[in-house]
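Participant: This is the structure I want to talk about, given as structure tokens.
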Ligand SMILES: Nc1ncnc2c1ncn2[C@@H]1O[C@H](COP(=O)(O)OP(=O)(O)O)[C@@H](O)[C@H]1O
Ligand SMILES: [Mg+2]
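Protein chains in written order, with the working numbering: chain Y, 324 to 594; chain A, 12 to 296.
Below is the structure:
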């Protein structure tokens, strides 16, 4: 294993780690909306600086913060090319067959790529600084108003947290199964596509069986302990919101308002 | 058929906050036909060592030679290693996936280059040697079997390739005493037929009885490597290494504390029994 899996929680004690998880999730939501609102050069510069500042505060190293986008470079390049060649036929440099490359298209593609990139990086910072269980608690907290219109938010959060809890176990089991089948002669590392396809069943069937078995055991255990799906799950630890939490939320809101203001000034520009 | 490790180290997730040094500077030679017991506290690096030997992972530093060839060398053929070494993981029954016992056991022979008839012979041999009735069980779904039978089928699926080296990672955990003894007898039988056995276990009784050599790891380092009759002499040291001793060794130790003359290399019941008898008859002091 050379690099860490994307978005894995990295324990730490930075100001970002210490923030209340509900505030963090809300802040992430606002930040992503803000990223979509940005439509000026200055706006992007501010956004990049803002996210860089958060990354630095979180103590997450730059390569780790950026590894959310590691496997997406091809996706980015394709978006950029598609936009450059198809987006704006009106002011194309020239036209050849269906291709109408234009500067407008190129800049538009660039902004799309930049927005996706920034949203991924900031989400990655959230998941890297917040234990998965905290995230589900935060989610439960944030969607709890919907319970008044009959949506079982408690159960949704429970399902999510169970699913998240099982990821490490299943990952470990998958690894063991892969190794066991490999020593039996399965050819996962083969380059031939037929041999790759052949190696699918020996992996998939044991993984599914293991997952079903775990789910079955868990449901029996939950029932035996009296779980009846009633909402009102208690948190393991909860602390009251601190000045820092409100401060963080305020900063994010200010950045958002600033971007809205910039957008209003800049209405005529459309990228 | 020897395995040689030369200054092997392994680190998980190097350069990250999750960096774990699992093995450090391991030097080890395992000869043909040995029955080797590998012991040590949980997390001392036993599983990592086994997985390096079967080429599932590559050492961070150092080299591993099987039959004199570097298994991580650029022109080494992995298929050769797979043919030579079989590995039984803890709870091997997790690897079952085929629709019938026969097919599952034959899975590992697909790329072995054996003819159909040879492969069928191997499958029958493997199913029978783990103590199952070939004709009765061959077309049964492996998922309809009991836990103990599933494990036997899974092990048959590894033996079918007739590996010359069998590596086992805590294979007897969770077996009942009868199943455990049957399984250990099987490893002994294979060993007598020339198969090298390398087995991780916390069961000192089992290893004292079957293994000819004991290796103990401590925090990723080789802490002890000796013939099994000498391995369990220093009880205080074994205590700090987190390794238990066999009941026979324990009784012999108690006897020596009570003033009876007992050799420190008694580790098996058969060796203890004459001594106990002579003490009981009052002839020994
Ligand atoms: N996949 C892995 N990723 C990171 N660390 C691991 C992994 N597997 C094992 N380790 C660590 O390496 C060390 C040795 O583990 P292992 O070889 O499984 O020990 P043992 O089999 O003796 O219990 C332990 O500290 C363990 O936490
Ligand atoms: Mg282990």
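No residue lacks a Cβ here, since even glycine has one placed at the ideal position from N, Cα and C.
Any idea what DSSP makes of residue 456 of chain Y, helix, strand or coil?
Facilitator: Helix at residue 456 of chain Y.
Participant: Tell me whether residue 324 of chain Y is buried or exposed, calling it buried when 16 or more other Cβ atoms sit within 10 Å of its Cβ.
Facilitator: Because residue 324 of chain Y sits at a pLDDT of 40, beneath the cut-off of 50, its placement in the model cannot be relied upon, and the point is left open.
Participant: Residue range of the alpha helix (DSSP H) that residue 341 of chain Y falls in?
Facilitator: Note, residue 341 of chain Y: alpha helix (DSSP H), 338-341.
Participant: Does any heavy atom of ligand 1 sit closer than 6 Å to the C-beta of residue 273 of chain A?
Facilitator: Flag unset: Cβ of residue 273 of chain A not near ligand 1.
Participant: For the region 18-51 of chain A, list the alpha helix (DSSP H) runs that are entirely contained and at least 4 residues long, ordered along the chain.
Facilitator: Counting whole runs of 4 or more residues, the region 18-51 of chain A contains no alpha helix (DSSP H) stretch at all.
Participant: Out of A:235, A:252, A:173, A:207, which has the shortest C-alpha to C-alpha gap to residue 54 of chain A?
Facilitator: The residue with the shortest Cα to Cα distance from residue 54 of chain A is A:252.
Participant: Quick one, which residues of the region 524-541 of chain Y are near chain A if we go by CB-CB under 9 Å, in chain order?
Facilitator: Per Cβ criterion, the list reads 524, 525, 526, 527, 528, 529, 532, 533.
Participant: For the region 410-474 of chain Y, which segments carrying the alpha helix (DSSP H) assignment without a break, of at least 4 residues, lie completely within its bounds, in sequence order?
Facilitator: Listed in chain order, the complete alpha helix (DSSP H) runs (minimum 4 residues) inside the region 410-474 of chain Y are 426-452, 455-466.
Participant: Out of curiosity, what's the CA-to-CA distance linking residue 361 of chain Y and residue 376 of chain Y?
Facilitator: Taking the straight line joining both Cα atoms gives about 18 Å.
Participant: When burial is assigned at 16 or more other CB atoms within 10 Å of the CB, is residue 567 of chain Y buried or exposed?
Facilitator: Residue 567 of chain Y is exposed by the Cβ-count criterion.
Participant: Distance, Cα to Cα, residue 329 of chain Y vs residue 390 of chain Y?
Facilitator: If I take the Cα positions, the gap works out to 6 Å.
Participant: Using alpha carbons as the reference points, say which of A:145, A:204, A:217 lies closest to residue 191 of chain A.
Facilitator: Out of A:145, A:204, A:217, A:217 has the C-alpha closest to the C-alpha of residue 191 of chain A.
Participant: According to DSSP, simplified to helix, strand and coil, what is residue 502 of chain Y?
Facilitator: Residue state, collapsed to three classes: helix.
Participant: Against chain A, with Cβ distances strictly below 7 Å, would residue 324 of chain Y count as a contact?
Facilitator: Note that residue 324 of chain Y scores 40 on pLDDT, short of 50, meaning its location in the model is unreliable; the coordinates nonetheless yield the value given after this. Yes, residue 324 of chain Y lies at the interface with chain A (some Cβ there is under 7 Å from its Cβ).
Participant: What is the residue span of the beta strand (DSSP E) that residue 74 of chain A lies within?
Facilitator: 72-77 is the extent of the beta strand (DSSP E) around residue 74 of chain A.
Participant: Check the Cβ of residue 182 of chain A against every Cβ in chain Y and list those closer than 9 Å, keeping chain order.
Facilitator: Under the 9 Å cutoff, chain Y gives no residues; its nearest Cβ is about 12 Å from residue 182 of chain A.
Participant: For residue 517 of chain Y, count neighbouring C-beta atoms within 10 Å of its own C-beta (all shown protein chains included) and say buried if the count is 16 or more, exposed if not.
Facilitator: Its Cβ having fewer than 16 others within 10 Å, residue 517 of chain Y is exposed.
Participant: Hey, would you say residue 278 of chain A sits closer than 7 Å to residue 257 of chain A, going by beta carbons?
Facilitator: Yes, the Cβ-Cβ distance between residue 278 of chain A and residue 257 of chain A is below 7 Å.
Participant: Starting from the Cα of residue 18 of chain A, find the closest Cα among A:271, A:73, A:108 and give me that residue.
Facilitator: Closest option to residue 18 of chain A, Cα to Cα, is A:73.
Participant: Using a cut-off of 7 Å between C-beta atoms, extract the partners of residue 504 of chain Y located in chain A.
Facilitator: Correct list: 106.
Participant: Measure the alpha-carbon distance for residue 505 of chain Y versus residue 415 of chain Y and round it to whole angstroms.
Facilitator: Whole-angstrom Cα-Cα distance: 54 Å.
Participant: Classify residue 57 of chain A as buried or exposed, calling it buried when 16 or more other Cβ atoms lie within 10 Å of its own Cβ.
Facilitator: When all chains shown are included, residue 57 of chain A counts as buried.
Participant: Let's test the definition: count the other Cβ atoms within 10 Å of the Cβ of residue 224 of chain A and tell me whether it reaches 16, buried, or not, exposed.
Facilitator: With 16 or more Cβ atoms within 10 Å of its Cβ, residue 224 of chain A is classed as buried.
Participant: Taking DSSP as the reference, what is the three-state secondary structure of residue 237 of chain A?
Facilitator: The answer is strand: DSSP assigns residue 237 of chain A an E or B state.
Participant: Measure the alpha-carbon distance for residue 173 of chain A versus residue 40 of chain A and round it to whole angstroms.
Facilitator: Spanning the two alpha carbons is a distance of roughly 22 Å.
Participant: Excluding the five sequence neighbours on either side, which residues of its own chain have a C-beta within less than 6 Å of the C-beta of residue 52 of chain A, listed in chain order?
Facilitator: Counting only Cβ-Cβ distances below 6 Å, and skipping sequence neighbours, we find 253.
Participant: Just checking, does the region 230-247 of chain A make contact with the region 203-222 of chain A on the three C-beta pairs under 8 Å criterion?
Facilitator: Yes: at least three Cβ pairs fall under 8 Å.
Participant: Following the continuous alpha helix (DSSP H) through residue 357 of chain Y, name the residue where it begins and the one where it ends.
Facilitator: Unbroken alpha helix (DSSP H) run through residue 357 of chain Y: 344-360.
Participant: So for residue 200 of chain A, helix, strand or coil by DSSP?
Facilitator: Three-state result, residue 200 of chain A: helix.
Participant: In the DSSP output, what is residue 81 of chain A paired with across the bridge?
Facilitator: In the DSSP output, where bridge partners are listed per residue, residue 81 of chain A has A:76.
Participant: Taking any heavy atom of ligand 1 as the mark, which residues have a C-beta closer than 6 Å to it, listed down the chain?
Facilitator: Any residue whose Cβ sits closer than 6 Å to a heavy atom of ligand 1 makes the list: A:23, A:24, A:31, A:33, A:51, A:53, A:54, A:55, A:56, A:57, A:58, A:59.
Participant: Does residue 392 of chain Y come within less than 7 Å of chain A when only Cβ atoms are used?
Facilitator: Cβ-Cβ to chain A under 7 Å: no for residue 392 of chain Y.
Participant: If you draw a straight line from the alpha carbon of residue 178 of chain A to that of residue 34 of chain A, how long is it in whole angstroms?
Facilitator: In a straight line, the C-alpha of residue 178 of chain A is about 18 Å away from that of residue 34 of chain A.
Participant: By a C-beta neighbour count over all protein chains shown, 10 Å radius and 16 as the cutoff for buried, is residue 458 of chain Y buried or exposed?
Facilitator: That one is buried.
Participant: On the three-pair Cβ rule with 8 Å, is the region 580-589 of chain Y touching the region 347-361 of chain Y?
Facilitator: Flag = yes, the region 580-589 of chain Y and the region 347-361 of chain Y touch.
Participant: Quick one: give me the first and last residue of the alpha helix (DSSP H) that residue 375 of chain Y is part of.
Facilitator: Looking at the DSSP string, the run of the alpha helix (DSSP H) that includes residue 375 of chain Y is 364-381.
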